[in-house]
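Heads up: the sequence shown is residues -6 to 384, going by this note's numbering. Just so you know, even glycine gets a beta-carbon here, dropped at the ideal spot from N, CA and C. Just so it is clear, the structure is predicted and the values come from calculations on it, not from any experiment. Here is the structure we will look at, set down as structure tokens.
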Amino acid sequence: MKGPLRILCIVNLPWDPRLGATRVWFELSEQWEKGGHKIDKFCLSDAFPEPTSSPALYVWRQVIFPYRAARYVRHHAAEFDIIDCLIGTLPFSKRSLGFCGILVGRSIGLYLAYTDFIRSSRRRWRDQPRGKFLGRLFYPFTSWLLRRSADRALAHCDYFNVPNEEEKQALERRCPGAQIIVQPYGLNDAERAALSRAAQPTAARLARKEICFLGMWSVRKGSRDWPAIIRSVWNSIPNAVFAFLGTILDEEIVLRDLGLSPRESVRCIASYDPDDLPQLIGNCTVGLFPSYIEGFGLSVIEQLAAGIPTIAYDVPGPRHIFAGASSAQFLVPVGDTHAMVARAIEILGMNESDYAALSATCRQIAEQFRWEQIAANTAQDYRETLEREHK
């Protein structure tokens, strides 16, 4: 097939690059358009233009989103060669949609693994808030409906796009014979350059002794591990400071979970403009990422691009990022806060020469993950699949 591809992106979230999942389609769309392809999208705010502040209504909209997405596809099916959709957002056969192109199911963290984590986390941390009585009925029910849509979607996708090898293996077990590609996430060249420019000199970073975390404040992202991490670091380095950025939740909630009162040594920013990130982390010394489950871990790439040595739990996503490096430098066993703290303290105590060398290694790792190349590779895979289908 020659000429530009016509791609429709479907995701049951608002079209906001501050949201990690949406950002993947946002970045790919930008690069595909630069490559001359025709891109359109259908997202939650297209299906429901009126915003809502109700969490329950927001979730319910996600549950019924597939029906509105299907209606949109039926009206525009002939306009697209490829539909690249979040798994579960289009759980219908191509025949019922009137679509003759390639239906791609994309994972931004495979729902099968996330479901398993939720179950195990409730057993491990039994004191998690359960919410009000009606909420305890409503949210499990809507979660079940979302999982059912995802299960049904697996049978109808021609092709799957996943961010790590473990997810590929999980889908191969679930859908034997399925076509699956592994495509990572990354940064565009402008983002990487901005992060590099904003990085402060090695001496200033080592003097600052600031540890940063980028991501939502949640059990999955390690919120239950941070109290032990902070106490252990302060026992060895009392003047260390911490930055929690993009937590979604307010500082009051984060500090409550940490068992801390407001203080200068802990800063918390619930939300920020992506363009502000380079300045927010430019002075940070070490990144910690105690996440228990990830699709990929874009925030790890952001910190590496800023030359910030970042230590993560050895889970899919971070494991993929550090596969080509000496992973022992950057990965610790899942849940091992002692190992994570020990490595952080080691880095905080480095001399300027060793820290600068490690920082350079981090930038080299980040350079491997470029949206420009990822988008080009994905488009080529899609084109080849279309050609096979239409032979």
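Local conformation of residue i per DSSP, three classes
i     : result
V4    : coil
T330  : helix
N154  : strand
R363  : strand
Q373  : helix
D269  : helix
K(-5) : coil
D9    : coil
L180  : strand
I32   : strand
L96   : strand
I286  : coil
Q193  : coil
V175  : strand
I241  : coil
I358  : helix
I111  : helix
I338  : helix
P44   : coil
P59   : helix
V293  : helix
L164  : helix
S22   : helix
H149  : coil
D218  : coil
V212  : coil
Cβ neighbour criterion (16 or more within 10 Å) applied to residue i
i     : result
S113  : exposed
K27   : exposed
G29   : exposed
W364  : buried
W137  : exposed
D77   : buried
T218  : It is Asp, not Thr, that sits at residue 218 in the sequence shown. Burial call: buried.
S142  : buried
P169  : exposed
N276  : buried
G94   : buried
K(-5) : exposed
I111  : exposed
P302  : buried
H313  : buried
G280  : buried
R381  : exposed
D9    : exposed
P194  : exposed
Nearest-angstrom Cα separation, counted from residue j out to residue i
i    : j    : result
C36  : L83  : 12 Å
N154 : L251 : 37 Å
H331 : A186 : 34 Å
A299 : A350 : 13 Å
K214 : V293 : 12 Å
R115 : T108 : 11 Å
R88  : P59  : 16 Å
E244 : D39  : 31 Å
A163 : A196 : 45 Å
M209 : W53  : 21 Å
S189 : S346 : 18 Å
D268 : F19  : 15 Å
L379 : K161 : 21 Å
I246 : L50  : 23 Å
P418 : V212 : The chain is shown only over -6 to 384; residue 418 falls outside these bounds and no answer can be derived.
H69  : I0   : 12 Å
I174 : K34  : 22 Å
C205 : I338 : 13 Å
F282 : L207 : 8 Å
I57  : R99  : 19 Å
C261 : I274 : 12 Å
D329 : E203 : 21 Å
Beta-bridge pairing of residue i - partner residues as DSSP gives them
i    : result
G81  : The partner list for G81 (beta bridge, DSSP) is empty, contrary to what the question assumes.
E203 : V234
Y306 : V325
G280 : C205, T303
V259 : F235
I76  : L1, L96
Chain B contact for residue i (CB, 7 Å cutoff)
i    : result
S258 : The structure shown contains no chain B; it is built from a single protein chain.
Query - Stretch pair the region 323 to 343 + the region 299 to 308: three plus CB contacts closer than 8 Å - result: yes
Report task. Determine, using beta-carbon pairs with one atom in the region 228 to 238 and one in the region 336 to 345, whether at least three such pairs fall under 8 Å. Result -> yes
Report task. Count the C-beta pairs between the region 276 to 292 and the region 93 to 105 that are closer than 8 Å, then say yes if the count reaches three, no if not. Result -> yes
Query - Contact between the region 236 to 249 and the region 142 to 156 (3+ Cβ pairs under 8 Å) - result: no
Query raised in the report: Are there three or more Cβ pairs, one per stretch, closer than 8 Å when the region 39 to 59 is compared with the region 11 to 20?
Result: no
Query - Contact between the region 62 to 78 and the region -5 to 6 (3+ Cβ pairs under 8 Å) - result: yes
**Report entry** Segment contact flag, the region 357 to 375 with the region 175 to 183, C-beta cutoff 8 Å, min 3 pairs
**Finding:** yes
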